[in-house]
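Contents: one structure, followed by commentary.
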Amino acid sequence: MPAKPKLATVWLGGCSGCHMSFLDLDERLIELASLADVCYSPIADVKHFPEGIDITLVEGAVANTDHLRDIRTVRARTKILVAFGDCAVTGNVTALRNLYHLDDVLHRAYNELSITGTIPSLEGIVPRLLPRVLRVQDVVSVDHFLPGCPPSAEAIFEFVAALLNGETPSREGRRFGA
Amino acid sequence: MSVRTLEVDGKMITALEGQTIFSAAWDSGIHIPRLCHLGGLSDVGACRLCLVEIDGQKRLQPSCMTKVAEDMVVRTNTPALRAHRRLIVELLLAERNHVCSVCVLNGACELQDLAAQLGVDHVRLRPQYPTLDVDLSHDRFGLDHNRCILCTRCVRVCDEVEGAHTWDVAGRGKNSRVITDLGEPWGESASCTSCGKCVQVCPTGALFSKGKTVADMRKDRGFLRYIVTAREKKLWIA
Ligand code: SF4
Ligand code: SF4
Ligand code: SF4
Ligand code: FES
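As structure tokens, this is what we get:
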């Protein structure tokens, strides 16, 4: 790894809770910034996912056509890809809809329960939902898994710090859910 | 009763004749993982988490079903056993719908704890996403098949301790389900006394008290030891 590794975080089909937990690093964010360059993140104003990223944390499951396109780009441009949080690791709440047919889910959410009563469909603007929500590992290879809904700030810090030190993060204390 | 001496994980331990390897090991502070075993209930060997290696035996043996013998040499925690246990937990998680973050037992579930303890940080198998029912017909309790691991603790406690035998397992393979009476809704069961024992011994969020929300359910198994002691020693002490 170069002197200052490049770190990125991306947000697919998740509630952003994992990123909120990331922000809970509070003053340790400054320490993190001294250890790595945060090159891309929903909390940074960067349009395109850059080339040559060392570590990417991926929050969320792959639920629509945009996620599918983005995760492939992210994988191609990242050395160490981490499934970050339960939605990325297991599908979690995002994948609850896999118990039902997509058409029934859309009908229930938009025709029956929304104010407009119509299913939004703007080709090229509103991405289409995939028939089934996929875990990140179902689409691209994943190097490390950090479960938790969300993973605690402590777990995130220890995990990322270990990776930045070129170590394999310990599995100690990692768990699904709370 | 005569005493047996055996070696477990390099440690010499003593056990009573007729005791299982599992309980002898636990008495000596060697905690073999388990899901279907629960002290006070009969053993069925359903989950296979307690498998151990025994010198001179080619096959792995469920320690909750295998009796101690003199000079037995047992290993409970080899890399191969840990790998088997991890796979068993992954199979359980992939088979039905486990979404810990929104489960009543989040934070106090034996399956969730075991996954963490064994280092299961993801499931290598493809989740099955079966469509399963939730039975909320009982006044006080609920049954969520999405979380059931078919350990049959509910079946055994209801039969052996409460004496009602409301529960059974119906179907085969992936169609296996716990049922109440002859498959009617729990709330219509003629045999259920609403004692709640099954709810308390269930290791997962499959059986829960109504009114409990996410991560709200906690299980109390104190009653079991109390009743078993009363039966065995004819004394009402905890
Ligand atoms: S039963 Fe246990 S493992 Fe399954 S979802 Fe609930 S907390 Fe998670
Ligand atoms: S509440 Fe009691 S009687 Fe009813 S099913 Fe459960 S253990 Fe059996
Ligand atoms: S309902 Fe609970 S106690 Fe009964 S078999 Fe399923 S997991 Fe085991
Ligand atoms: S605890 Fe022995 S097989 Fe389940």
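As given, the protein sequences belong to chains P and D, one line each in that order.
The number in this note's numbering is simply the position in the first sequence, starting from 1, with 290 added.
The number in this note's numbering is simply the position in the second sequence, starting from 1, with 851 added.
C-beta atoms are modelled at their ideal positions from N, C-alpha and C, and glycine is treated no differently.
The alpha helix (DSSP H) enclosing residue i, as first and last residue numbers
i       : result
P/R239  : Lying outside 291 to 468, the shown extent of chain P, residue 239 of chain P is not represented and no answer is given.
P/F447  : 443-454
D/P930  : 930-946
P/H434  : Segment 434-436 is the beta strand (DSSP E) holding P/H434; no alpha helix (DSSP H) there.
P/D344  : No alpha helix (DSSP H) contains P/D344, which is instead part of the beta strand (DSSP E) from 343-349.
D/R1007 : 1004-1007
D/E904  : Not the alpha helix (DSSP H): D/E904 falls in the beta strand (DSSP E), residues 902-905.
D/R1076 : 1073-1084
D/E961  : 961-968
D/V828  : Here chain D comprises residues numbered 852 to 1089, so residue 828 of chain D is not present and cannot be evaluated.
Local Cβ density within 10 Å of residue i, reported as buried at 16 or more and exposed below that
i       : result
P/N401  : exposed
P/N455  : exposed
D/R933  : exposed
P/H338  : exposed
D/K1084 : exposed
D/K1048 : buried
D/D878  : exposed
D/E961  : buried
D/M1068 : buried
D/I1030 : buried
P/A378  : buried
P/E348  : The sequence as given places Val at residue 348 of chain P; Glu does not occur at that position. Label assigned to P/V348: buried.
D/S1040 : buried
D/G1034 : exposed
D/P978  : buried
P/D376  : buried
D/T1017 : buried
D/R910  : exposed
When the options are compared against residue i, the one with the closest alpha-carbon
i       : options                            : result
P/H309  : P/A468, P/R464, P/K294, P/P441     : P/P441
P/A298  : P/H338, P/F312, P/S324, P/Y330     : P/Y330
D/G1056 : D/A875, D/V953, D/I905             : D/V953
D/L1075 : D/V1050, D/G896, D/S853, D/R998    : D/V1050
D/L892  : D/A1089, D/I1088, D/W1087, D/R1082 : D/R1082
P/L358  : P/G303, P/V336, P/V379, P/T458     : P/G303
D/A876  : D/G993, D/L886, D/G861             : D/G861
P/N382  : D/T1080, D/C1053, D/H949, D/L943   : D/H949
D/C887  : D/V1065, D/V1052, D/I1030          : D/V1052
D/K1063 : D/L956, D/A1041, D/G1034           : D/L956
D/C1043 : D/R855, D/W1087, D/F992, D/R937    : D/F992
P/P340  : P/A443, P/T368, P/I320             : P/T368
D/D906  : D/F873, D/E858, D/A945, D/G869     : D/E858
D/V1020 : D/E941, D/G1014, D/I1000, D/G1038  : D/I1000
P/V450  : P/A334, P/T346, P/G342, P/G307     : P/T346
P/F435  : P/G350, P/L419, P/L403, P/T363     : P/G350
P/I415  : P/D433, P/I405, P/T406, P/N354     : P/N354
P/D316  : P/A443, P/R465, P/A399             : P/A443
P/C305  : P/P332, P/L319, P/A293             : P/P332
P/D394  : P/A293, P/G438, P/L419, P/Q427     : P/L419
Residue j beta carbon less than 8 Å from that of residue i
i       : j       : result
P/V430  : P/R365  : yes
D/H989  : D/R1028 : no
D/D972  : P/R461  : yes
D/S914  : D/T865  : no
P/A323  : P/P295  : no
P/V352  : P/I361  : yes
D/R1004 : D/P1054 : yes
D/R998  : D/I939  : no
P/L392  : P/P421  : yes
P/G463  : D/C951  : no
P/T458  : P/R425  : no
D/T982  : P/L386  : no
D/I883  : D/C901  : yes
P/I409  : P/F312  : no
D/F873  : D/R855  : no
D/W1037 : D/D984  : no
D/L976  : D/A931  : no
P/I370  : P/D433  : yes
P/V423  : P/T384  : yes
Continuous beta strand (DSSP E) stretch holding residue i: start and end
i       : result
D/S1060 : 1058-1060
P/K296  : 296-301
P/Y330  : 327-330
D/G993  : 992-995
D/M802  : Shown here, chain D extends from 852 to 1089; a query on residue 802 of chain D therefore has no answer.
P/D393  : It is not in any beta strand (DSSP E) - P/D393 instead sits in the alpha helix (DSSP H) that spans 392-396.
D/M863  : 862-867
D/W1018 : 1018-1021
D/T1031 : 1028-1031
D/V925  : 924-926
P/L420  : 419-424
Listed by chain order, which residues have C-beta atoms less than 6 Å from any heavy atom of ligand 4? The filter returns D/R885, D/L886, D/C887, D/H888, D/G896, D/A897, D/C898, D/R899, D/L900, D/C901, D/P913, D/C915, in chain order.
Contact set, ligand 2 heavy atom to C-beta under 6 Å: That query returns the following residues: D/V1008, D/C1009, D/E1013, D/A1015, D/T1017, D/W1018, D/C1043, D/T1044, D/S1045, D/C1046, D/G1047, D/K1048, D/C1049.
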